[in-house]
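What follows is one structure encoded as structure tokens, with my remarks underneath.
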Amino acid sequence: MNAIETIISTRSIRKYTDSEGANMDESAKEKLLSELVGLLLEERGKKAIVPPGRLWETFRALANTRPPWPAGERMLQLQDELLAEMLRVKGIHGIDEAEASPSNHALRLWRGDITTLEVDAIVNAANSQMLGCWVPGHHCIDNAIHTFAGIQLRLECNEIMQGQGHEEPTGCAKITSAYNLPCKHVIHTVGPIADGCPSSLHGKQLASCYESCLDLAEKQGVTSLAFCCISTGIFGFPQKEAAEIAIRTVSRWLGRHPESGLSVVFNVFLESDEAIYRELLGMPKDGRPANP
-10 MNAIETIIST RSIRKYTDSE GANMDESAKE KLLSELVGLL LEERGKKAIV
40 PPGRLWETFR ALANTRPPWP AGERMLQLQD ELLAEMLRVK GIHGIDEAEA
90 SPSNHALRLW RGDITTLEVD AIVNAANSQM LGCWVPGHHC IDNAIHTFAG
140 IQLRLECNEI MQGQGHEEPT GCAKITSAYN LPCKHVIHTV GPIADGCPSS
190 LHGKQLASCY ESCLDLAEKQ GVTSLAFCCI STGIFGFPQK EAAEIAIRTV
240 SRWLGRHPES GLSVVFNVFL ESDEAIYREL LGMPKDGRPA NP
């Protein structure tokens, strides 16, 4: 039994109540999801009766594991309508909600869901395939960004990778559209895999991720850019050391490019990461409240 069949067949029906779908009109949501899940199963030659409480989870699993196939107009219409409504419920957050560093107002800090940030571009911590996370419902930034951007994002990434002809090297960057996200673009970069013991090479590669994203952002006319904590998740780069490299690299780049007018947001999700960045950016510990 594969992961999707496990989700569909489970007898433990969990009602979806977290921030991704809280307070949505349940009947409208179920109608959209039911037809959408049906279409996603149909293109795989499958049929299933999915309990209402499992529809979102099944949709996400199907989307996460969907190859970069062309999608029909109806599928995209349903998906885009669903994701737009979910974003409306979660709320969109502008760059002014990110707290500026007292020592450099071009640097900002924001804790919350990066898929709700309305900036010119957000940075995705990708893998070398550059096709998004294939693990159903995985709690990584790559999965979240691809899920809420929509299946169009994997298709565009696949076009880029097919044209490139090889996996994405560590420390480089590519830019795509953002589709159903409130930002305009997604910049994808592959961070080093440190496994808890970063070498000097890993440090240089991580710095290269930030520099490559900044160079590409400037080239594309981006004026507001939100970085996630690259490589600190399953890639195992220690949080504080990664934050030090991030702030140092971005600060030096901005110093060399004063004409860029670029504002950079360090987006964190964990309270521990926020505390690290606050200390390094010279911000008070009791800053703005966390965003949902």
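Each step along the sequence shown adds one to the number in our numbering, with nothing skipped, and position 50 is 39. We put the beta carbon where it would ideally sit given N, CA and C, even for glycine. Here the structure is a predicted model, which means the values were calculated and not measured.
Requested in this report: For Q141, count neighbouring Cβ atoms within 10 angstroms of its own Cβ and tell me buried if that reaches 16, exposed if not.
Outcome: Reading the sequence shown from its first residue, position 152 is the one you call residue 141. It is buried - the Cβ of Q141 has at least 16 other Cβ atoms within 10 Å.
**Report entry** Boundaries of the beta strand (DSSP E) in which H177 is found, first to last residue
**Finding:** In the sequence shown, the residue the question calls residue 177 occupies position 188. Taken as a continuous stretch (DSSP letters only), the beta strand (DSSP E) holding H177 covers H174 to V179.
Query raised in the report: So what's K113 in DSSP terms, helix, strand or just coil?
Result: Translated into positions along the sequence shown, residue 113 becomes position 124. For the record, residue 113 in the displayed sequence is Asn; it is not Lys. Correct three-state label for N113: strand.
Report task. Keeping to the same chain, check which residues put their C-beta closer than 6 Å to that of M64; ignore five residues upstream and five downstream. Result -> For the purposes of this step, residue 64 is identified with residue 75 of the sequence shown, where counting begins at 1. Excluding sequence neighbours, M64 sits near L28.
Query raised in the report: For the beta strand (DSSP E) that F216 lies in, which residues bound it at each end?
Result: If you number the sequence shown from 1, residue 216 lands on position 227. For F216, the uninterrupted beta strand (DSSP E) run begins and ends at S213 to F216, by DSSP.
Query raised in the report: Does the Cβ-Cβ distance between L270 and S92 come in under 9 Å?
Result: Taking the first residue of the sequence shown as 1, we reach residue 270 at position 281. Taking the first residue of the sequence shown as 1, we reach residue 92 at position 103. Yes, the Cβ-Cβ distance between L270 and S92 is below 9 Å.
**Report entry** Beta-carbon proximity check, T136 vs Y199, cutoff 9 Å
**Finding:** For the purposes of this step, residue 136 is identified with residue 147 of the sequence shown, where counting begins at 1. For the purposes of this step, residue 199 is identified with residue 210 of the sequence shown, where counting begins at 1. Result no, Cβ atoms of T136 and Y199 do not sit closer than 9 Å.
**Report entry** Those residues which DSSP pairs with R100 across a bridge
**Finding:** As a first step, residue 100 is located in the sequence shown; it is residue number 111 there, counting from the start. Bridge partners of R100: V257.
**Report entry** Reference A162; option with closest CA among E19, S117 and K274
**Finding:** Here the question's residue 162 lines up with position 173 in the sequence shown. Of the candidates E19, S117 and K274, S117 places its Cα closest to the Cα of A162.
Query raised in the report: Taking 8 Å as the line, does the beta carbon of D262 fall inside it for any heavy atom of the ligand SAM?
Result: What this structure holds is no ligand at all, so the ligand SAM is not there to describe.
Query - Environment of W45 [buried if 16+ CB atoms lie within 10 Å] - result: Translated into the one-based positions of the sequence shown, residue 45 becomes position 56. Its Cβ being crowded by 16 or more others within 10 Å, W45 is buried.
Requested in this report: Give the straight-line distance between the Cα atoms of E19 and P57, rounded to the nearest whole angstrom.
Outcome: Indexing the sequence shown from 1 puts residue 19 at position 30. Indexing the sequence shown from 1 puts residue 57 at position 68. Rounded to whole angstroms, the separation of the alpha carbons of P57 and E19 is 25 Å.
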